[in-house]
Amino acid sequence: MEYPVGSARDQSIHGQRASAGEPETPADPVHVPGHSIARAGVDLRCWVAGKERPGVCGGDIYVVGGYNGSSNLSANDRYDPIWSASPAKPTPASEMASTTVTSGAEIYAIGSGIFGAGSAVNERFTCAILTPTPTPTTGLHDAGISRLGGPSSVRLRPGIADSGRITIVAANGGDHSDMVGVYVAFLPPGGTQNFGGCSPSGVVNLGALNLLPGNKLTVKADPPWQCADPAAMDGVSWTIKAIADAHGDDFASCSTLQQVFSGQCSAALADDDNGTATNTLIRARPKVVALSP
459 MEYPVGSARD QSIHGQRASA GEPETPADPV HVPGHSIARA GVDLRCWVAG KERPGVCGGD
519 IYVVGGYNGS SNLSANDRYD PIWSASPAKP TPASEMASTT VTSGAEIYAI GSGIFGAGSA
579 VNERFTCAIL TPTPTPTTGL HDAGISRLGG PSSVRLRPGI ADSGRITIVA ANGGDHSDMV
639 GVYVAFLPPG GTQNFGGCSP SGVVNLGALN LLPGNKLTVK ADPPWQCADP AAMDGVSWTI
699 KAIADAHGDD FASCSTLQQV FSGQCSAALA DDDNGTATNT LIRARPKVVA LSP
């Protein structure tokens, strides 16, 4: 039959008895020094070493109060990993209800009684000084574009599309995993007025992915390149701007060409990104090569 230290009725700690309602065992059991717990077997009639158990308060084992055969005790003994006396309990007590609060830093000893006598005393002992948990820092947020590739030119006839893949590589340069959103803006040849009737034109949200620090995301797209009047734009290029958004939460501020090329998008990206120099990358391509109809 096993009991934690101090829980078996009439078992001695430092030559005193701690009561908890178990059957009596010999008056002079032997305490086992150098061990964090002992067990009392009715058949053994002595203390023997038991398996070590975690401490109950502040990482240590405490035995509070007790009964010495004639009166209650104020003892408050701590084991870590040798027995030592802690500040005495103000009111001598035995057969208490006691527990630690969820902080693990305080013991509440409630009530007292021996041979039927009871008490409503509730006393608290602080067994550990809690160290405040540091407030987590926000960390380093750094979404960036490391590569933007696309066709150098497209050969166009009126209203007939040419193909040409673009490749965007985004990276998480921060110190923790983060969502990285990737957008791409297509400014058509000749600017936002788009006199040649060219497409693609506008901003596309290519999605977002949670990246570990240092990891990269490669996104590829193959839009159809075309102009209603390629001859009017012959030799003029699209402007492609790739955008990396830390947390992927700023597309509302980056969803139009006016926002992307006016600085509004860049300001939105910067409010939660520590490395704004790499948020965007611009390429002047592809160039329109007008073919005869």
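In our numbering, the protein residues as written are 459 to 751. The beta carbon of each residue, even a glycine, is placed where N, CA and C say it ideally should be.
Roughly how many whole angstroms lie between the Cα atoms of residue i and residue j?
| i | j | result |
| --- | --- | --- |
| Ser635 | Cys515 | 36 Å |
| Val640 | Thr676 | 10 Å |
| Ala686 | Phe644 | 16 Å |
| Arg536 | Ser552 | 17 Å |
| Asn630 | Asn737 | 11 Å |
| Gly721 | Asp731 | 15 Å |
| Ile626 | Ile603 | 7 Å |
| Thr584 | Gly524 | 19 Å |
| Pro671 | Ala689 | 47 Å |
| Ala725 | Glu564 | 50 Å |
| Ala753 | Phe709 | The requested residue 753 is not part of the displayed model; the chain covers only 459 to 751. |
| Ser621 | Leu727 | 31 Å |
| Asp703 | Lys674 | 13 Å |
| Gly527 | Ile540 | 25 Å |
| Leu598 | Asp729 | 13 Å |
| Phe653 | Lys678 | 28 Å |
| Pro646 | Ala601 | 26 Å |
| Gly479 | Asp538 | Model confidence at Gly479 stands at a pLDDT of 38, short of 50, so the residue's coordinates are unreliable; what they give is reported in the following sentence. Approximately 26 Å, taken between the alpha carbons. |
For residue i, report the span of its alpha helix (DSSP H) as first-last.
| i | result |
| --- | --- |
| Val718 | Leu715 to Ser720 |
With residue i as the anchor, note down where its beta strand (DSSP E) starts and where it stops.
| i | result |
| --- | --- |
| Trp683 | It is not in any beta strand (DSSP E) - Trp683 carries neither H nor E in the DSSP assignment. |
| Pro744 | Thr738 to Ala748 |
| Phe450 | Coverage of the chain is limited to positions 459 through 751, which leaves residue 450 absent and any answer about it impossible. |
| Ala601 | Ala601 to Gly607 |
| Thr625 | Ile624 to Asn630 |
| Gly660 | Gly660 to Leu669 |
| Asp535 | Asn534 to Tyr537 |
| Ile519 | Ile519 to Val522 |
| Thr697 | Ser695 to Ala704 |
| Lys674 | Lys674 to Ala679 |
| Arg613 | Ser611 to Leu614 |
| Ser542 | Trp541 to Ala543 |
Is it right to say residue i is buried, meaning 16 or more other beta carbons lie within 10 angstroms of its own, or is it exposed?
| i | result |
| --- | --- |
| Asp680 | exposed |
| Lys547 | buried |
| Arg582 | exposed |
| Arg605 | exposed |
| Ser695 | buried |
| Gly617 | exposed |
| Ser470 | Reliability fails at Ser470, whose pLDDT of 40 lies under 50, so the model's placement of it is uncertain and no value is given. |
| Gln684 | buried |
| Asn580 | exposed |
| Ile740 | exposed |
| Gly608 | buried |
| Pro550 | buried |
Could you check how far apart the C-beta atoms of residue i and residue j are, in whole angstroms? I think they sit under 8 Å.
| i | j | result |
| --- | --- | --- |
| Ser713 | Val661 | 5 Å |
| Leu667 | Leu749 | The Cβ separation is near 39 Å, so there is no contact. |
| Asn534 | Ser544 | 4 Å |
| Thr697 | Ala742 | 6 Å |
| Ser659 | Pro744 | 14 Å between Cβ atoms; not a contact. |
| Val612 | Gly706 | 30 Å between Cβ atoms; not a contact. |
| Met691 | Cys723 | Going by Cβ atoms, the distance from Met691 to Cys723 rounds to 25 Å, so no, they are not a contact pair. |
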